[in-house]
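For reference, the structure is listed below as C-alpha cells.
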Amino acid sequence: MGLTSQEFEELPYQVQREALHLNMRDAYGTTTELPQLAKWQAGEVDDFAWLQPWCDLMRASTAAGKVFRRANVVSEPLSDYHQWALAIEVPMVAAGQDIRWISRRNVSTLLFPGNDFWLFDDELVVFLHYTGTGMNADFETCTDPAIIKRCRDSFEAVWALGVPHGEYRPVS
C-alpha cells in the first residue's frame, strides 16, 4: 500500500515512542530541498527558516521523551548533497534529532533493505522509492512483523558503526 506525500509527512507527528530513518542514497531531489541546495551551491547563506517546522517537532518530541534517529550511509568523498546535508543537519541535531554518519565502505558486510526507510514505533515501515534523479516516487508501507524486525536489525547494525553528527569528519 502506498501513501500520498501528505500522509507520509504526517507520520512523524504521530510517533508515540521512536522513529528511525535510514538514508542510503548519495543524492536526493525533494521539491523542498532542491531550492535550498541550489542556494548553498551558489554560496548563499541559509537562515534555516524552512527547517523550523521540523526542528519544532524535534524539540517537542524529544521533550516528550520520543526518539528520532537518522543514519546516513554515504560515499566518501561526500556528494554535493551530503556536503550540504552536513551543514543543514546542525539545527536538527540541536533540536534533538540524533544523526549518525557511516561511510559506505564500513557497511559492505551488512545486509539491509534495498531502499531507504522510516520505521515508526516498531509498527510501520515506510520504504522510500526514488526516481533515478532522486525525486520521491512512492511511499510503500509494510506492517509485517518479520520485515519490521529485519529493518530494525539492519538499522541498529548500521547505527552501531555510525559516527555522531558532531564528530563526523568526512574523508576528502
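Just so we're aligned, residue 500 is where the sequence shown starts under our numbering, counting upward by one. Glycine included, every Cβ here is placed at the ideal spot set by N, Cα and C.
Nearest-angstrom Cα separation, counted from residue j out to residue i
| i | j | result |
| --- | --- | --- |
| G665 | G501 | 35 Å |
| R568 | T642 | 20 Å |
| G661 | L519 | 14 Å |
| T545 | W583 | First, the amino acid is wrong: residue 545 is Asp here, not Thr. Answer to the nearest angstrom: the Cα atoms are 11 Å apart. |
| K648 | T608 | 19 Å |
| V606 | D555 | 32 Å |
| G631 | D579 | 16 Å |
| G564 | D597 | 13 Å |
| F611 | A586 | 27 Å |
| E509 | T503 | 10 Å |
| P663 | S602 | 12 Å |
| G595 | A562 | 9 Å |
| L533 | M523 | 18 Å |
Beta carbon of residue i nearer than 8 Å to that of residue j
| i | j | result |
| --- | --- | --- |
| D615 | L627 | yes |
| F507 | F619 | no |
| H581 | V572 | no |
| G633 | A526 | yes |
| P576 | P669 | yes |
| Y667 | W600 | yes |
| N635 | T531 | no |
Strand pairing of residue i, partner residues [DSSP]
| i | result |
| --- | --- |
| Y629 | N635 |
| E517 | V566 |
| R725 | Lying before the first or after the last residue shown, residue 725 is absent from the chain, which here runs from 500 to 671. |
| N522 | N571 |
| D615 | L627 |
| T561 | In the DSSP output, where bridge partners are listed per residue, T561 has none listed. |
| Q608 | As written in the sequence, residue 608 is Thr, which differs from the Gln given in the question. In DSSP, T608 forms no bridge with anything. |
| L688 | The structure shown has nothing for residue 688, since the chain only spans 500 to 671. |
query = Taking contact to mean at least 3 C-beta pairs separated by less than 8 Å, is the stretch 563-578 in contact with the stretch 529-543?
reply = no
Please determine if the stretch 578-591 and the stretch 545-557 are in contact, where contact requires at least 3 C-beta pairs separated by less than 8 Å. yes
Can we say the stretch 519-534 touches the stretch 645-657, given the rule of at least three CB pairs closer than 8 Å? yes
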